[in-house]
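Novice: Got a structure for you, written out below as structure tokens; questions coming shortly.
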Amino acid sequence: MDSVHLPALQVVVPLLTAPIVAVLRDARLSWLAAVVTSVMTFVVSVYIVQHVLAGAVLSYQMGGWAAPYGIELRVDSLNALMLLVVSGASTLALLAGRQSLTLQIGEERLPLFMAAWLLALAGLVGILVSGDAFNIFVFMEISSLASYILISGGPDRRALPSVFKYLIAGTLGATFYLIGVGMVYMMTGTLNIADMEARLAGVGDTNVVFVAAGFITIGLALKAAIYPMHAWMPNAYTFAPNIVTAFIAACSTKVALYVLLRMDFFVFQKNLVDHESQFTYLLMPLALLGIVFGSVAAVFERNIKRILAFSSVAQIGYILLGASLISVSGFTAAVLHLFNHALAKSALFLAVAAMGLYFARLRLQVLRGAGRKMPWTFAAFVVAGLSLIGVPGTAGFVSKWALISAALESNLVVPLLVLILGSSLLAIVYIGRIVEHLWFGDATDKAVQIGEAPSWMLAMVWLAVAANIWFGLDSSLPMALAQQSAIDLLRQLP
Amino acid sequence: MSQILNLSHYWVFVLLLMIGFYAVLTRTNLVKKLLGLAIFQSAVFLLFISMGKIDGGTAPIILNDDWSQTFSSPLPQVLILTAIVVGISTLALGLAIVVRIKEAYGRIDDIDASSSEN
Amino acid sequence: MSSEVSILLSLAIPLTGALLIALTGRWPNVRETITLLTAVALMLTVWQLFPEVMDGARPAVSLGQMMPGISIAFKVEPLGMLFAALASMLWLVNSVYSIGYMRGNGEKHQTRFYVCFAIALSATMGVAFAENLLTLFLCYEILTLSTYPLVSHKGDPATIRSARTYLGILLGTSIGLFLPAIIWTYQISGTLDFTVGGILTGKMSGPAVGLLLGLFAFGIGKAALMPVHRWLPAAMVAPTPVSALLHAVAVVKAGVFTVTKVIVYIFGVDFLFGQPSSSWLIPTACFTIIAASIVALHQINLKRMLAYSTISQLSYIVLAAAVLKPLAEIGAALHMVSHAFGKITLFFAAGAIYVASKKTELNQLRGIGHRMPWTMTAFTIGAISMIGVPPTAGFVSKWYILGGALQGQHYLVVFTLIASTVLNAAYFLPILYRAWLSKETDPNKLKHGEAPWPMLLALVTTATLTLAFFVYNQPVIDLESQLVGRSK
Amino acid sequence: MIEIIGIFLLCLTVITAIGVVRTTSLFAAVMLMGIFSLLMAAAFILLDAADVALTEAAVGAGISTVLMLSALALTGDRREKPSNRPRVLSLIVVVITAGTIFYATFDKPALGDPKAPIHQHVTPEYFAMTRQLIDIPNVVTAVLASFRGYDTFGEVLVVFTAGIGVLFLLGTGPTTRRRRQLSSARGLKHHQPLRIGGKVVIPFIILFAFYVQFHGEYSPGGGFQAGAIFAAAVILYGLLEGERRGLAVLPPQFLLYMSAGGALLFGGVGVACMLLGGNFLDYNVLANDSVTAQQLGILIIELGVGVTVAGVLLAIYHAFAARGVQ
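Chains as they are written, first to last, in my numbering: chain A, 1 to 494; chain B, 495 to 612; chain C, 613 to 1100; chain D, 1101 to 1426.
Put into structure tokens, the structure is as follows:
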């Protein structure tokens, strides 16, 4: 099998190992199988990135049927970068997570859980490589259902209502998306994204297409937890098993956001009359509100996972803000932040998962003094936190830089600057509070007894941290892909 | 009149969508929420199937090798077959979660995870 | 050893040192030996670059690409050379002192202390050698972060509050003001390389220049221009070696060094001179000098008084740079050196007093000169240098700044310099009087002698340097003359 | 005339839907939901969607009603508690949503308009290509299993995901020893007429399932419908003979193997196509003659679909049923 099959392999490998893993009886073996599969997925995505960097757009005809009759897989620089994020986050979390998973899920249920993990991975990857609007829906459902399973594995009973809420929100979002796709299909007769884009040209001024764009945007905004449609997200992240949070938080909302960008910029942007107004009057205000709300809420939270979850609301706002500037630099910044924020969050939640080995509840009060007992985990958390804040030398800085540059080019310089910088300062506050509690707090009874995290887990946490630093010092890879995707997608601008 | 007839399916779709959506938003009973969700999804099935209909057509199954007839479009039907299966899958998972919630909380009405217990 | 390797080594040596210190933390003697060896190695590495730079060479080295068109790059130029040489030399002295202080005081977490110190020094070297603003910013932030554990060393609630102020102001200003200024500059000029003559000439004009200068001047919070000075008194909760090296030399000098570099290499002296909108900087610096001196007058805690004195002295350097005259730019560089020698001596003395007698307040110092003659002699020399009286280093730099001010006919500056000399005298002389001429009456407070010998060794060294610089300052003047484009 | 019946049916569905939402008896709501699904199925037949109607009837009215009832039995709730949630805001959201769609309807192509883009693009080619390259009468099956076979593969995995989700949440059921104590284990054994009637009917249902499975290319039906019908038959058997004997026929672990096996069979065909030099699910490489190859591929993957769907649905049902004793 040569490189032609890369996009298909990316999806098929985890999809086919999932049933095998599900019937395994041995917990350790199922974990190992999941790790191997995830690593393979990651390797495939690295190959894909190599091809894409060389300027290729990989297209794959499923079943040998040409688009628009069959389903096309299509990978360009935008989804290649996302593939790297998703498969990387999954691999890292799995590698780091054996103890944590055994602790929180239990040996007996682990094979099913690992199968669900692989399905979630395959679903997310399937969304990314797909070039077909309905196929995206199908894989969205695989990833969503699998994510519900993953989150419902959380040890706290509140995981259940949280996941139920997520299920309702996720299904509503997916159905909204489906309605939008249906309307576009009604007007164009096609489901292939590229074909849609071409055939919408004649009907771009109809109400139907306008409403369709709205439904797709809202549906995906719900799945991407864009403020104020984020209500399901903080609890889902908080009560999920710790390792799951590290995986899901790094990529699941971002994949929805990716579809949003793909549909809005690729399919609608050129065709729909006055489509910019959707960004100017709807998404940009939401992005700004999200940045403010997420940052402020994070400052007042008391549970370390909830703090980080609300911070995600703000960070998603950043990404959306970059995109709503509708400029090459803005879009580049958005894509870069997609990548960099995933790096930071994955490292942060992995560090949290390491603490979760000793603490059932992750309230700051409980964790007081824990940092002194596990200095390496704590140091990793701090460095990743710096990346979240956007301190130079970390990946978060690069995207913040790009975002500010883009804001300077726009016609809203001052308010945007104030917001971006203001929320960075709030990030200092909430990360700083965590640091102060963990390091300087009087050690609780529990914290006195604990030690450092297992060294293998620690190594993985630091691998994630190292990625944050590496891409902070040398951003050429994500930058190249982000710029290329911005140019590709915005070439369509009238 | 013909306008109304022609678009009536879409309006029924809108009505069902409203009913389902309203139930999802306002009901606090979790089973009821899932029922609302099912109605909501069914509405979408109707939307797709209506689009595929063609005047004077029949189901896209060729009898007696007669390809000359007018057939309704098979594609929306395929999509909805998939969507129905997705719907039942979601429902099954949702119900399983409801059962677990009942076991954990002793009720399935008005459960909120954001409460202050910690 | 090629000069490129030297540059990289001067960054890597302290980092390697930090790692080794962390690994050998269990054996204090080994750990301290490594600290000293690292300091010696760093000093030798940095100093052997000196002759080359003096001859006009500008060795450079470039690492990965951080942003499109902006690499992480280092290049040695006169001002940075001076700063690096100064910091590396004083680190050695300070290490000797630290060992005495930390052991004499029985401090906890000594390993962490030495590790963070070494990382901070590496960042300082990075600031000194940075070839572009982004690299400088990177090192600047690492410096801030690596000094936070040092400031919060004690770990009690009051210390944490102060450390929070420290970190909050420094990170806040740098992210809120400095970073936008950098990005703005990049947007306008397309580059961030430090270039002789500036990179903004002809690319902007009018009030925007003043605004950008403001973003830089206040964004570089380490320069402690009022009103962003509050972190410096807050930092005084740190152990005294930290105050001595970092908050009298490395960190604060990194601030004024950056301001000077921005004025000289980003704006360009000639360009800025033609922009009336930038003239606000001189009055602001003057205000800071006077106001900080007045506040210092009211302090009763020795270290806090020294901190306010530092704020005032830092603004001398900003002021000198803002005068935009060649003599004053040289004066700025000279003052970096002379203030460093003088102030580190003063802090060393304060720490020695604390270790020997646990005294921290000014009114406790009656007659202490008789019990701690070495310490107080050094203190006296430092104080005289602060006031700017010959034969000390402080006189030389003030003289140059004054010359520059007269050259530019900035009479406000001349007045400020004179007034602050008077104020400096007003808060230092009473201490000297109290230490040498009044008598302690409480017999319980007479039971201490001198501080441990490593501390004395360190403070005698820096006091000697303060005196020596008065006589032997020509190399620095020669080097910095290159900065303003004069030949040797 | 047929339009009038259609509109009448649709009005009934709306009324039923309102009934589902308004009734406070959960049991009634579930039964109304089953009726709602049947009405929808009828409407789909009128809209020429026979396959969809069959599926909606089997899945919507059959399986999902059974699942709902099992869940209700487990939760023990019969009545919905009145909700005190503010309704005005929800109503506004709903009305805005509906309003936007309503606003869009006037630009839509009218129902049945042959000039609608759907009938102009892609659809005609499906008919042409099916006739030429696949040569089976049911074009829906052709599109489902070949042109968009990858979607169907995804769909099978959605079902599979739901299956492992339910098993993960509710467990694979009690151990054999505990199953003996199952209260529902006795089933309806004491209703002799029901038992006998059931035993007569069940073989026919299973036969029908196999017909739907293997005749899907010629008439409405295929793997999904067959799997659902097969599952219904076994569930019926379980209801009549008691859970214990129901499970004895197909034990939980076997159901899990079934679920996984079907998906693997489907995926295996895809991988085999890759190994034979084609793309994933490109059946043409399976045999020398492309029409035979396509038909072979469709047959196998439909079997995979059927096995997985039957396995998952049964596993889900058993998981619910077995949970009762805990």
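From the three backbone atoms N, C-alpha and C, an ideal C-beta is built for every residue, glycine too.
Does at least one heavy atom of the ligand ATP sit under 6 Å from the Cβ of residue 458 of chain A?
Specialist: Annotation note on the ligand ATP: not contained in the displayed structure, which lists no ligands.
Novice: Check the Cβ-Cβ distances between residue 417 of chain A and every residue of chain C, and say whether any is below 7 Å.
Specialist: Residue 417 of chain A counts as touching chain C.
Novice: Report all residues from its chain with a CB closer than 6 Å to the CB of residue 1386 of chain D; omit the five preceding and five following residues, and keep chain order.
Specialist: Here the set comprises 1393, 1396 and 1397.
Novice: In the DSSP assignment, what are the bridge partners of residue 73 of chain A?
Specialist: Beta-bridge pairing links residue 73 of chain A to A:60 and A:130.
Novice: Using CA coordinates, which residue listed in C:709, C:790, C:873 and C:921 is at the minimum distance from residue 693 of chain C?
Specialist: Measuring from the Cα of residue 693 of chain C, the nearest candidate turns out to be C:873.
Novice: Can you give the Cα-Cα distance for residue 1279 of chain D and residue 1422 of chain D, rounded to whole angstroms?
Specialist: Because the pLDDT of residue 1279 of chain D is 48, which lies under 50, any placement of that residue in the model is unreliable, and the number read from its coordinates should be weighed accordingly. Cα-Cα distance, rounded: 8 Å.
Novice: Put residue 1334 of chain D into one of helix, strand or coil per three-state DSSP.
Specialist: DSSP places residue 1334 of chain D in helix when its eight states are reduced to three.
Novice: Using the Cα positions of residue 568 of chain B and residue 177 of chain A, report the straight-line distance between them to the nearest angstrom.
Specialist: Each residue's Cα considered, the two are about 21 Å apart.
Novice: Which chain D residues are close to residue 508 of chain B, counting only those with a beta carbon under 7 Å from its beta carbon?
Specialist: The answer, in chain order, is 1198, 1201 and 1202.
Novice: Would you call the region 1062 to 1076 of chain C and the region 953 to 971 of chain C touching, i.e. three or more CB-CB distances under 8 Å?
Specialist: Taking 8 Å as the limit for Cβ pairs, the verdict is that the region 953 to 971 of chain C does touch the region 1062 to 1076 of chain C.
Novice: Given this structure, state the Cα-to-Cα distance separating residue 790 of chain C from residue 825 of chain C, to the nearest angstrom.
Specialist: Rounded to whole angstroms, residue 790 of chain C to residue 825 of chain C spans 10 Å at the Cα level.
Novice: Taking only runs that begin and end inside the region 1199 to 1235 of chain D, name each unbroken alpha helix (DSSP H) of 4 or more residues, in chain order.
Specialist: Qualifying alpha helix (DSSP H) stretches, in chain order: 1217 to 1220 and 1223 to 1229.
Novice: At what residue ranges does the region 763 to 835 of chain C contain a whole run of the alpha helix (DSSP H), taking only runs of 4 or more?
Specialist: As far as the region 763 to 835 of chain C is concerned, its whole alpha helix (DSSP H) runs of at least 4 residues are 769 to 785, 791 to 801 and 819 to 831.
Novice: Helix, strand or coil, according to DSSP, for residue 1265 of chain D in the structure here?
Specialist: If DSSP states are grouped into helix, strand and coil, residue 1265 of chain D belongs with the helices.
Novice: Can you tell me where the beta strand (DSSP E) holding residue 682 of chain C begins and where it ends?
Specialist: Per DSSP, residue 682 of chain C belongs to the beta strand (DSSP E) from 682 to 687.
Novice: From residue 279 of chain A to residue 29 of chain A, what distance separates their C-alpha atoms?
Specialist: Their Cα atoms are separated by approximately 48 Å.
Novice: With a cut-off of 7 Å, does the C-beta of residue 513 of chain B fall near any C-beta of chain A?
Specialist: Not closer than 7 Å to any Cβ of chain A, the Cβ of residue 513 of chain B fails to qualify, so no.
Novice: Please report the distance separating the alpha-carbon of residue 626 of chain C from that of residue 707 of chain C.
Specialist: Taking the straight line from one Cα to the other gives about 12 Å.
Novice: At least one CB of chain A closer than 7 Å to the CB of residue 655 of chain C: is that the case?
Specialist: So no, residue 655 of chain C is outside the interface.
Novice: Buried or exposed for residue 814 of chain C, going by 16 or more other Cβ atoms inside 10 Å?
Specialist: The residue is exposed, with fewer than 16 neighbouring Cβ atoms inside 10 Å.
Novice: Determine, using beta-carbon pairs with one atom in the region 463 to 477 of chain A and one in the region 102 to 117 of chain A, whether at least three such pairs fall under 8 Å.
Specialist: Verdict: no, contact absent.
Novice: Over the uninterrupted alpha helix (DSSP H) stretch that includes residue 848 of chain C, give me the two end residues.
Specialist: Where residue 848 of chain C is concerned, there is no enclosing alpha helix (DSSP H), given that its DSSP letter is neither H nor E.
Novice: Quick one: list the residues of chain D neighbouring residue 544 of chain B, beta-carbon separation under 7 Å, in chain order.
Specialist: Those are 1147 and 1211, listed as they occur along chain D.
Novice: Using a Cβ-Cβ distance under 7 Å, would residue 532 of chain B count as near chain A?
Specialist: For residue 532 of chain B, the answer is no, since every Cβ of chain A falls outside 7 Å of its Cβ.
Novice: Let's test the definition: count the other Cβ atoms within 10 Å of the Cβ of residue 117 of chain A and tell me whether it reaches 16, buried, or not, exposed.
Specialist: So residue 117 of chain A counts as buried.
Novice: How is the beta strand (DSSP E) around residue 672 of chain C delimited, first residue to last?
Specialist: Residue 672 of chain C -> beta strand (DSSP E) spans 672 to 679.
Novice: Buried or exposed: which applies to residue 1418 of chain D, given that a residue is buried once 16 or more other Cβ atoms fall within 10 Å of its Cβ?
Specialist: By the 10 Å Cβ count, residue 1418 of chain D comes out buried.
Novice: Can you list, in chain order, the residues of its chain whose CB lies under 6 Å from that of residue 1374 of chain D, leaving out five sequence neighbours each side?
Specialist: Around residue 1374 of chain D: 1380.
Novice: Tell me which residues of the region 1016 to 1050 of chain C have at least one Cβ-Cβ distance to chain A shorter than 9 Å, keeping chain order.
Specialist: Of all residues in the region 1016 to 1050 of chain C, none has a Cβ within less than 9 Å of some Cβ in chain A.
Novice: Any C-beta of chain D within less than 7 Å: which residues of the region 132 to 148 of chain A qualify?
Specialist: Those would be 134, 135, 138, 139, 141, 142, 145, 146 and 148, in chain order.
Novice: Take every Cβ of the region 194 to 214 of chain A, pair it with every Cβ of the region 331 to 343 of chain A, and state whether three or more of those distances are shorter than 8 Å.
Specialist: With a cut-off of 8 Å, the region 331 to 343 of chain A and the region 194 to 214 of chain A do not count as touching, because too few Cβ pairs lie within range.
Novice: So is residue 965 of chain C in contact with chain A if we call contact Cβ pairs under 7 Å?
Specialist: Not closer than 7 Å to any Cβ of chain A, the Cβ of residue 965 of chain C fails to qualify, so no.
Novice: Please state whether the Cβ-Cβ distance between residue 1326 of chain D and residue 1411 of chain D is less than 7 Å.
Specialist: Cβ atoms of residue 1326 of chain D and residue 1411 of chain D: not closer than 7 Å.
Novice: My output table needs one value for residue 552 of chain B: the three-state DSSP class, helix, strand or coil.
Specialist: The answer is strand: DSSP assigns residue 552 of chain B an E or B state.
Novice: Going by DSSP, name the residue or residues bridged to residue 973 of chain C.
Specialist: According to DSSP, which records beta bridges pairwise, residue 973 of chain C is partnered with C:913.
Novice: Run the CB neighbour count on residue 1095 of chain C, radius 10 Å, all protein chains shown included, and call it buried at 16 or more, exposed below.
Specialist: Buried.
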